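Visitor: As they're listed, the protein sequences go chains F and E. Counting in this note's numbering, the first sequence tops out at residue 355, every number present. Counting in this note's numbering, the second sequence tops out at residue 355, every number present. My questions all concern the structure below.
There are 2 protein chains.
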Amino acid sequence: MVNTSDSDEASSSLIQHLRSVLPQDGSRDALITSVIPKLLQSVADVAQALRSSHDVAAVGTANTFGDDQLNVDVAAENLIREAIAQCPSIVTASSEEEPIERAVQHTVPSSTSSAQEQYTLAFDPLDGSSIISANWTVGAIFSLWDGPTALHQDPTTGQVAAILGVFGPRTTAIVALRPPNTNTTTTTPPTCFELALSPAPPSSPSQQPTWQLTRPTLTLSPTSRYFSPANLRAAAHAPAYMALITRYIAQRYTLRYAGGLVPDVVHMLVRGEGLYASPATARDGPKLRRLYELCPLALVVECAGGAVLDPVGGGRVLERAVGDCGEKGGVVFGGVEAVREAVEGLVGMGGL
Amino acid sequence: MVNTSDSDEASSSLIQHLRSVLPQDGSRDALITSVIPKLLQSVADVAQALRSSHDVAAVGTANTFGDDQLNVDVAAENLIREAIAQCPSIVTASSEEEPIERAVQHTVPSSTSSAQEQYTLAFDPLDGSSIISANWTVGAIFSLWDGPTALHQDPTTGQVAAILGVFGPRTTAIVALRPPNTNTTTTTPPTCFELALSPAPPSSPSQQPTWQLTRPTLTLSPTSRYFSPANLRAAAHAPAYMALITRYIAQRYTLRYAGGLVPDVVHMLVRGEGLYASPATARDGPKLRRLYELCPLALVVECAGGAVLDPVGGGRVLERAVGDCGEKGGVVFGGVEAVREAVEGLVGMGGL
Chain F
4 MVNTSDSDEA SSSLIQHLRS VLPQDGSRDA LITSVIPKLL QSVADVAQAL
54 RSSHDVAAVG TANTFGDDQL NVDVAAENLI REAIAQCPSI VTASSEEEPI
104 ERAVQHTVPS STSSAQEQYT LAFDPLDGSS IISANWTVGA IFSLWDGPTA
154 LHQDPTTGQV AAILGVFGPR TTAIVALRPP NTNTTTTTPP TCFELALSPA
204 PPSSPSQQPT WQLTRPTLTL SPTSRYFSPA NLRAAAHAPA YMALITRYIA
254 QRYTLRYAGG LVPDVVHMLV RGEGLYASPA TARDGPKLRR LYELCPLALV
304 VECAGGAVLD PVGGGRVLER AVGDCGEKGG VVFGGVEAVR EAVEGLVGMG
354 GL
Chain E
4 MVNTSDSDEA SSSLIQHLRS VLPQDGSRDA LITSVIPKLL QSVADVAQAL
54 RSSHDVAAVG TANTFGDDQL NVDVAAENLI REAIAQCPSI VTASSEEEPI
104 ERAVQHTVPS STSSAQEQYT LAFDPLDGSS IISANWTVGA IFSLWDGPTA
154 LHQDPTTGQV AAILGVFGPR TTAIVALRPP NTNTTTTTPP TCFELALSPA
204 PPSSPSQQPT WQLTRPTLTL SPTSRYFSPA NLRAAAHAPA YMALITRYIA
254 QRYTLRYAGG LVPDVVHMLV RGEGLYASPA TARDGPKLRR LYELCPLALV
304 VECAGGAVLD PVGGGRVLER AVGDCGEKGG VVFGGVEAVR EAVEGLVGMG
354 GL
């Protein structure tokens, strides 16, 4: 196990940054000193496990959704569950691999701050299974909600934080925070930033890796010259989607599409522009899970100043509560102008 | 530095595998025991350097081709040059960052086997600079030629080996070998295989990482349901390319396009199918360098049973010698049937 975050030690600069961007009235102490550091520690642990997971084999089982499970999915799930068990403030958890909200059995006693704060975690331990065998960048997705459940809450106020763990040549993480203000005299604006894991130097390999703040503020410009067309099969029989794609090509936009939600979002955030579309039709239904994928990525993108709309009705993905762990949806996200323009073309497209 | 390949030690299984797939008449001893292990060691070194290179900044210079150089490009170039200096058999080297063939100054004395074998190395130390800041998988490309130059040789017989280093969640490498047979009584067929770097276990972090043979034989099926459209801007004014793209979409093919040559080739090899097109027009000229990109990837794909054609004339990319380090070209590669079909549509397209 990599110990990145024992709060007294190396992660003090991370905690210092979290204190500067979260309410300073003590209401988020457990989030700052325990929950986020422990989840980031699990990202470091998963990264280390992946580095030696050459045998990306199916374990012969399927998760509740019917997806084939890989041995690396199971390893990542277990490492994250271990981290959760060390966070008394995370009272409920569910994952894409085990999509039922359950009370967490903790391995450490609760503290004063954890008694005041209660969070529900929804996570996807390893998003991008289809590309991991090719050694492409994959990610982990974490969505943190206030209270003992993520279901039937207003996602805009209920979901307080999202973390994307990014497993590539480096190990990086995107953190988005939008807790409601408990103290009306101060305001803490939404924020989205990038961290990178600094490995121990070769000269002292037993030293602990630490998280560095590498991009303090990620923002998306309103327009975009990049596009990422997901669920592209839908364009085969949805003329509006085909028209959108061919228009981007004719306008000489740059194609970037890893086919993994995390790398595709991260490319957009780091580049500062982008447009990702994953519409759905009756034949090619929605691909993304609202609780484990859409809500956390929507928080990230909105905190970076972008828009995340539902291509069916054109509303915000976050304006509707999650009713069930298995719900799926379509999405268009990226810069606000780019998204508005794309959704105008898609809303009402045949078959939606 | 990571020492992965001191030939007496941990890499004996790698050397054993190389002996089994290369001529056993002693004519390739330096290639087996020194050149390939040292180049793989440099891949491990670059991977380690990238893991802590959070600051992917331009160094303020451009290489001879006018590309902006990143600090990670320079670091990778230097690590690979160090490895080359330890290979007496590599007598000449050039790179995409410094595209002039120069005699190598060695830091170790030459041995008997190295005196018999002379190789020229052409390499691209870090392909995919545009996606590395987003922490997407990138690669290094190595092309090994018999004799004191890669230029004006028949690439089919002159280029004996190619290595792709793949920097993602894991560190992997693709090795392709097609040396001409020096002994006519034995035949050594072309081969393409994958290795993965096993890091030292957390319990003994000072132990050396080692390369494992993870996929002994990579092969491409003739047809493909995947497509990777590069230089897509060309489709804006080349109707034949636009027609190819829309046909793939209408036929519900799966899009995979990282925009990095190495991850795109590796996806195809690991998946066992794929079609990558990078055609060119007068306005959107060829993007890939023949010596540093096209020749090595063509060796890899041909050794895996695929085809690599020039979309201008429809001939093999490897049927024409490289006349100059700076030459560029278009390409279509992948499964033989898929490539033949795509090139038929593209040859003679407007503007080519």
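Heads up, the beta-carbon is just placed ideally off N, CA and C, and yes, glycines get one too. This one's a predicted model, so the numbers in the text were calculated from it and none came from an experiment.
Leu-300 of chain E and Val-334 of chain E - do their beta-carbons sit closer together than 9 Å?
Guide: yes
Visitor: Compute the Euclidean distance between the alpha carbons of Leu-129 of chain F and Ala-52 of chain F, then round it to the nearest angstrom.
Guide: 12 Å
Visitor: So which residues of chain C does Asn-138 of chain E contact, with C-beta pairs closer than 7 Å?
Guide: The structure shown has no chain C; the protein chains it does contain are F and E.
Visitor: For the segment 232 to 244 of chain E, which residues have a CB atom closer than 8 Å to at least one CB atom of chain F, in sequence order?
Guide: Pro-232, Leu-235, Arg-236, Ala-238 and Ala-239
Visitor: Taking DSSP's pairing of strands, which residues face Asp-127 of chain F in a bridge?
Guide: F:Ile-144
Visitor: Can you list the residues of chain F that Leu-53 of chain E reaches, using a CB-CB cut of under 8 Å?
Guide: Pro-172 and Arg-173
Visitor: Using only alpha-carbon positions, find the residue among E:Asp-267, E:Pro-225 and E:Glu-197 that is nearest to Leu-21 of chain E.
Guide: E:Glu-197
Visitor: Looking at the secondary structure, which residues open and close the beta strand (DSSP E) in which Leu-272 of chain E lies?
Guide: First-last for Leu-272 of chain E: 264 to 274, but that is the alpha helix (DSSP H), not the beta strand (DSSP E).
Visitor: What number of angstroms, rounded off, separates the C-alpha of Ser-98 of chain F from the C-alpha of Ala-50 of chain E?
Guide: 31 Å
Visitor: Under the three-state reduction of DSSP, which class applies to Met-4 of chain E: helix, strand or coil?
Guide: Annotation note: pLDDT 40 at Met-4 of chain E (below 50); position unreliable, coordinate value reported separately. Met-4 of chain E: coil per DSSP, three-state reduction.
Visitor: May I ask you to report which of helix, strand or coil DSSP gives Glu-340 of chain F?
Guide: helix
Visitor: With a threshold of 9 Å between beta carbons, is Gln-44 of chain F in contact with chain E?
Guide: Gln-44 of chain F does not count as touching chain E.
Visitor: Name, please, each residue of chain F whose Cβ falls closer than 9 Å to the Cβ of Val-222 of chain E.
Guide: This sequence places Thr at residue 222 of chain E; Val is not what is there. Listed along chain F is no residue with a C-beta nearer than 9 Å to that of Thr-222 of chain E; the closest approach is about 15 Å.
Visitor: My assumption, with CB atoms under 8 Å, is that Gly-277 of chain E sits in contact with Tyr-229 of chain E. Please give the rounded CB distance.
Guide: 5 Å
Visitor: Which two residues bound the contiguous beta strand (DSSP E) that contains Glu-104 of chain E?
Guide: 101 to 106
Visitor: Does the segment 280 to 299 of chain F come into contact with the segment 223 to 241 of chain F, if we say contact requires no fewer than three beta-carbon pairs (one atom in each stretch) closer than 8 Å?
Guide: Counting Cβ pairs under 8 Å, three or more are found: they touch.
Visitor: I need the straight-line Cα distance from Gly-348 of chain F to Ala-246 of chain F, nearest angstrom please.
Guide: 9 Å
Visitor: Output yes if chain F places a C-beta closer than 9 Å to the C-beta of Val-260 of chain E; else output no.
Guide: It is Tyr, not Val, that sits at residue 260 of chain E in the sequence shown. At least one chain F Cβ lies under 9 Å of Tyr-260 of chain E.
Visitor: Determine, using beta carbons only, whether Ala-164 of chain F and Val-38 of chain F come nearer to each other than 9 Å.
Guide: yes
Visitor: With a threshold of 9 Å between beta carbons, is Ser-132 of chain E in contact with chain F?
Guide: no
Visitor: Per DSSP, Ser-231 of chain E is paired with what?
Guide: E:Tyr-279
Visitor: Consider the Cβ of Ile-252 of chain F: report whether some Cβ of chain E lies at a distance smaller than 9 Å.
Guide: yes
Visitor: Tell me whether the segment 146 to 157 of chain E and the segment 256 to 275 of chain F touch, counting them as touching only if at least three CB pairs, one residue from each stretch, are closer than 8 Å.
Guide: no
Visitor: Got a sec: is the Cβ-Cβ distance from Thr-226 of chain E to anything in chain F below 9 Å?
Guide: It does not; no Cβ of chain F falls within 9 Å.
Visitor: Taking Ile-83 of chain F as part of the alpha helix (DSSP H), name the residues at either end of that continuous run.
Guide: In this chain, the alpha helix (DSSP H) harbouring Ile-83 of chain F covers 74 to 88.
Visitor: Does any residue of chain E have a CB that is nearer than 9 Å to the CB of Pro-299 of chain F?
Guide: no
Visitor: Where does Ala-203 of chain F sit, in a helix, a strand or coil, going by DSSP?
Guide: When secondary structure is reduced to three states using DSSP, Ala-203 of chain F falls in the coil class, being assigned neither helix nor strand.
Visitor: Which value, in whole angstroms, describes the spacing of the CA atoms of Thr-110 of chain F and Ile-83 of chain E?
Guide: Straight-line measurement puts the Cα of Ile-83 of chain E at about 47 Å from the Cα of Thr-110 of chain F.
Visitor: With 9 Å set as the bound, which would you pick, yes or no: does the beta-carbon of His-57 of chain F sit closer than that to a beta-carbon of chain E?
Guide: Yes, its Cβ sits closer than 9 Å to a Cβ of chain E.
Visitor: How many angstroms separate the CA atom of Arg-181 of chain F from the CA atom of Ser-30 of chain F?
Guide: 14 Å
Visitor: Given a threshold of 16 other Cβ atoms within 10 Å of its Cβ, counted over all protein chains shown, does Pro-91 of chain F qualify as buried or as exposed?
Guide: buried
Visitor: Considering only the beta carbon of each residue, do Ala-179 of chain F and Glu-305 of chain F sit closer than 9 Å?
Guide: yes
Visitor: Can you check whether the C-beta of Gln-89 of chain F is within less than 9 Å of a C-beta belonging to chain E?
Guide: no
Visitor: Determine the DSSP secondary structure at Glu-296 of chain F, reduced to helix, strand or coil.
Guide: Glu-296 of chain F: helix per DSSP, three-state reduction.
Visitor: If we call anything under 9 Å between Cβ atoms a contact, is Val-325 of chain F one with Arg-293 of chain F?
Guide: For Val-325 of chain F and Arg-293 of chain F, yes; Cβs fall inside 9 Å.
Visitor: With the cut-off set at 9 Å, would you say Thr-220 of chain F and Leu-200 of chain F are in Cβ contact?
Guide: The Cβ atoms of Thr-220 of chain F and Leu-200 of chain F lie no closer than 9 Å to each other.
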